[in-house]
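Colleague:
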Amino acid sequence: MMTPGATKFIAPLTFQALSGASVSVDPFEIPRQDDIEHIELSHWADVIVIAPATANTLAKLAAGMADNVVTASVLATHAPVVLAPAMNTNMWENPATVENLRRLKERFFYIVEPEYGELASKREGQGMGRMARIERVLTQVLYAVTQPKTLAGVRVTVTAGRTEEYFDPVRMLTNRATGRMGFALAEMAVALGAEVTLISGPTDLTPPDGVRYFQVIHARQMLEMVQSHYPNNGVLIMAAAVSDFRPEAFSQNKIKKTGDSLQVRLVPNPDILASVAKHKKALHVGFALETDDEIERARDKLKRKKLDLIVVNNPNVPGAGFAVSTNKVTLLFKDGTTQELPRMDKRLVAREILIRIIALLEQAS
Ligand code: C5P
0 MMTPGATKFI
10 APLTFQALSG
20 ASVSVDPFEI
30 PRQDDIEHIE
40 LSHWADVIVI
50 APATANTLAK
60 LAAGMADNVV
70 TASVLATHAP
80 VVLAPAMNTN
90 MWENPATVEN
100 LRRLKERFFY
110 IVEPEYGELA
120 SKREGQGMGR
130 MARIERVLTQ
140 VLYAVTQPKT
150 LAGVRVTVTA
160 GRTEEYFDPV
170 RMLTNRATGR
180 MGFALAEMAV
190 ALGAEVTLIS
200 GPTDLTPPDG
210 VRYFQVIHAR
220 QMLEMVQSHY
230 PNNGVLIMAA
240 AVSDFRPEAF
250 SQNKIKKTGD
260 SLQVRLVPNP
270 DILASVAKHK
280 KALHVGFALE
290 TDDEIERARD
300 KLKRKKLDLI
310 VVNNPNVPGA
320 GFAVSTNKVT
330 LLFKDGTTQE
340 LPRMDKRLVA
350 REILIRIIAL
360 LEQAS
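Reading the sequence shown from the start, the letters are residues 0 to 364 in numbering that gives the first Met the number 0.
#1: On the premise that VAL311 lies in contact with ILE271, defined as a C-beta separation below 8 Å, what is that separation, rounded to the nearest angstrom?
#2: Buried or exposed: which applies to GLU39, given that a residue is buried once 16 or more other Cβ atoms fall within 10 Å of its Cβ?
#3: Go ahead and label SER120 buried or exposed: buried means 16 or more other beta carbons lie within 10 angstroms of its beta carbon, across all protein chains shown.
#4: Rounded to the nearest angstrom, what separates LEU191 and PRO314 at their Cα positions?
#5: ASN350: buried (16+ other C-beta within 10 angstroms of its C-beta) or exposed?
#6: ILE309 by DSSP, collapsed to three states: which one?
#7: Run the proximity test for GLY285: is its beta-carbon closer than 6 Å to any non-hydrogen atom belonging to the ligand C5P?
#8: What separation, rounded to the nearest whole angstrom, lies between the Cα atoms of LEU204 and PHE27?
#9: Nearest CA to the CA of PRO84: which residue from VAL68, LYS104, ASN67?
#10: Who does VAL81 pair with in a DSSP beta bridge?
#11: Apart from the five residues just before and just after ARG264, which ones in its own chain have a Cβ nearer than 8 Å to its Cβ?
#12: Would the stretch 149–167 and the stretch 105–124 be scored as touching if the rule is three or more Cβ pairs under 8 Å?
#13: In chain order, what residues of the same chain lie with their CB nearer than 6 Å to the CB of SER199, ignoring the 5 residues before and after it?
#14: Are LEU385 and VAL234 closer than 7 Å when you measure CB to CB?
#15: Just the Cα atoms here: how many angstroms apart are GLY57 and VAL189?
#16: In this structure, how does DSSP classify LEU100 when only helix, strand and coil are distinguished?
#17: Leaving out five residues on either side along the sequence, give the residues of the same chain with a beta carbon under 6 Å from the beta carbon of PRO201.
#18: To the nearest whole angstrom, what separates the beta carbons of LEU118 and GLU186, a pair I think is in contact under 8 Å?
#19: Assign THR158 to one of three DSSP states: helix, strand, or coil.
#20: Write down the C-beta distance between ARG296 and GLU289 rounded to the nearest angstrom, noting that I regard them as a contact closer than 8 Å.
#21: Measure from the alpha carbon of VAL266 to the alpha carbon of each residue in ASP243, VAL275, LYS256, then state which is nearest.
#22: What ranges does the alpha helix (DSSP H) occupy inside the stretch 123–210, keeping only unbroken runs of at least 4 residues that lie completely in it?
#23: DSSP three-state label for GLN338, please.
#24: Can you determine whether any heavy atom of the ligand C5P sits closer than 6 Å to the C-beta of ALA349, and answer yes or no?
#25: Give the DSSP-derived three-state secondary structure of THR2 in the structure shown.
#26: Specify the secondary structure class of GLN251 as computed by DSSP and reduced to three states.
#27: Answer yes or no: the CB of ASP270 versus the heavy atoms of the ligand FAD, is any distance below 6 Å?
#28: Between the alpha carbons of GLU123 and PRO51, how many angstroms are there, rounded?
#29: What three-state label does DSSP hand ASN424 in the structure shown?
#30: One question on the structure: do PHE332 and LEU306 come within less than 7 Å of each other, judged by their Cβ atoms?
#31: If THR70 and LYS59 are in contact, beta carbons under 8 Å, what's the gap, nearest whole angstrom?
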């Protein structure tokens, strides 16, 4: 759905072509045969997101107006509505806008506050009022659609990403994990109301809003962090791809090339899951990445590391594993049951995993 103002910036045809969905602009237009009538849209939607929401649209919504397809749908819906305001700084700070936002919050609109940054108006340059990052908008959407919050008050500690094991100031042993799966789990757990601690190895990702975030470099630091943020009576999810080995020695200076071969002796890293399993006081969820015999090996890990659930993925399956936004996983439970999930976006995989965790917590209580 686009307001008349929005169509001055981007043609509806562009949106239609990019999204593959039909675009509603005129509330009085008679829909084509396959299209949903705009008032039907307001019943059909699980959530309505207005991004960007202008000062003008906020004012109309606060007043309950229904003069275009967007405002009319919002007035007619029972679904949660997420607003991501974007405007120039003066409009944002104007008492009229402040008052409109207060009224909208009172009526349970979800507001994703704008950020400081470059604005569309070149005269203003930097300022407050730039639309929130898409990740923040998405978090609010997840939050809105997952009400009631079924992890409310539950402590969840998630590890993510890879570790880097240095043997001189610039060289190290690592792997290709990006942290996406762990970040998606943390984000979704926040959306479900959990108190989330996210411990990640080096990553380019921005931590989701609402998590306590700690960054570590190597496995021993990660072990220490997991021990100090161990979620008693809660949930520990180890999605990190921890390096199994580290170089035995660390050279303070960069190792010079001499023309000879270099021997780097590797020693085993502590197994974080195995070490916290000794005093287990939470639900433990592990991940397994295997290229062969994955189910068999994962079942063995589940037992050995005393896990309640293990999520298995094989990086050789298209759309699974490292550095892709989708994943295809199989879930193995302590009671011996197995569930294979279809390939889907990592956020949705995260949601499915957390839904199972909620069920396990309910069984345990
Ligand atoms: O044994 P493997 O590394 O395949 O087990 C994977 C699971 O164990 C993952 O959940 C991973 O985060 C965790 N792990 C760990 N400490 C290690 C290695 C892996 O906790 N040193």
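C-beta atoms are modelled at their ideal positions from N, C-alpha and C, and glycine is treated no differently. Just so it is clear, the structure is predicted and the values come from calculations on it, not from any experiment.
Modeller: Walking through what the data contain:
#1: As a working mapping, residue 271 is identified with position 272 in the sequence shown. As a working mapping, residue 311 is identified with position 312 in the sequence shown. Between VAL311 and ILE271 the Cβ distance is about 18 Å, and since that is not below 8 Å, they are no contact.
#2: The residue labelled residue 39 in the question sits at position 40 within the sequence shown. GLU39 should be labelled exposed.
#3: Working through the sequence shown from its first residue, we reach residue 120 at position 121. Exposed, since its Cβ has fewer than 16 Cβ neighbours within 10 Å.
#4: Reading the sequence shown from its first residue, position 192 is the one you call residue 191. Reading the sequence shown from its first residue, position 315 is the one you call residue 314. Going by the C-alpha atoms only, they are around 28 Å apart.
#5: On the sequence shown, position 351 is the one that residue 350 refers to. In the sequence as displayed, the identity of residue 350 is Arg instead of Asn. Label assigned to ARG350: buried.
#6: If you number the sequence shown from 1, residue 309 lands on position 310. Strand.
#7: Taking the sequence shown and counting its residues from 1, the one referred to as residue 285 is at position 286. Indeed, a heavy atom of the ligand C5P lies less than 6 Å from the Cβ.
#8: One-based indexing of the sequence shown puts residue 204 at position 205. One-based indexing of the sequence shown puts residue 27 at position 28. Distance between the alpha carbons of LEU204 and PHE27: 44 Å.
#9: The residue labelled residue 84 in the question sits at position 85 within the sequence shown. Comparing Cα positions, the closest option is LYS104.
#10: Within the sequence shown, numbered from 1, the residue matching residue 81 stands at position 82. Beta-bridge pairing links VAL81 to VAL48, TYR109.
#11: Locating residue 264 in the sequence shown gives position 265, where the first residue counts as 1. Closer than 8 Å at the Cβ level, and outside the excluded window around ARG264, lie PRO246, GLU247, ALA248.
#12: no
#13: Taking the first residue of the sequence shown as position 1, residue 199 is located at position 200. Counting only Cβ-Cβ distances below 6 Å, and skipping sequence neighbours, we find ALA159, GLY160, GLY178, GLN214.
#14: Any question about residue 385 goes unanswered here, given that the chain covers just 0 to 364.
#15: By 1-based counting over the sequence shown, the position of residue 57 is 58. By 1-based counting over the sequence shown, the position of residue 189 is 190. The displayed chain sequence assigns Leu, not Gly, to residue 57. Rounded to the nearest angstrom, the two C-alpha atoms are 27 Å apart.
#16: Your numbering for residue 100 matches position 101 in the sequence shown. Correct three-state label for LEU100: helix.
#17: The sequence position of residue 201 within the sequence shown is 202, counting from 1. Counting only Cβ-Cβ distances below 6 Å, and skipping sequence neighbours, we find GLU163.
#18: The sequence position of residue 118 within the sequence shown is 119, counting from 1. The sequence position of residue 186 within the sequence shown is 187, counting from 1. Contact doesn't hold; Cβ gap of about 27 Å is too wide.
#19: As a working note, residue 158 is residue 159 in the sequence shown. THR158: strand per DSSP, three-state reduction.
#20: Indexing the sequence shown from 1 puts residue 296 at position 297. Indexing the sequence shown from 1 puts residue 289 at position 290. Sure, about 5 Å apart at Cβ, within 8 Å.
#21: Position 267 of the sequence shown, counted from the first residue, corresponds to residue 266. Ranking ASP243, VAL275, LYS256 by Cα distance to VAL266 puts ASP243 first.
#22: 133–144, 179–190
#23: As a first step, residue 338 must be located in the sequence shown, where it is residue number 339. In the structure shown, GLN338 sits in a strand (DSSP, three-state: E or B).
#24: Within the sequence shown, residue 349 is the residue found at index 350, counting from 1. Flag unset: Cβ of ALA349 not near the ligand C5P.
#25: Counting from one through the sequence shown, the residue named residue 2 turns up at place 3. Reduced to three states, the DSSP call for THR2 is coil.
#26: Indexing the sequence shown from 1 puts residue 251 at position 252. Of the three classes helix, strand and coil, the one that applies to GLN251 here is coil, per DSSP.
#27: Summarising the ligand content, the structure contains the ligand C5P and does not contain the ligand FAD.
#28: Here the question's residue 123 lines up with position 124 in the sequence shown. Here the question's residue 51 lines up with position 52 in the sequence shown. Each residue's alpha carbon lies about 18 Å from the other.
#29: Residue 424 lies beyond the stretch modelled for the chain, which goes from 0 to 364, so this question has no answer here.
#30: For the purposes of this step, residue 332 is taken as the residue at position 333 of the sequence shown. For the purposes of this step, residue 306 is taken as the residue at position 307 of the sequence shown. No, the Cβ-Cβ distance between PHE332 and LEU306 is not below 7 Å.
#31: Indexing the sequence shown from 1 puts residue 70 at position 71. Indexing the sequence shown from 1 puts residue 59 at position 60. With a Cβ gap of about 5 Å, THR70 and LYS59 count as contacting.
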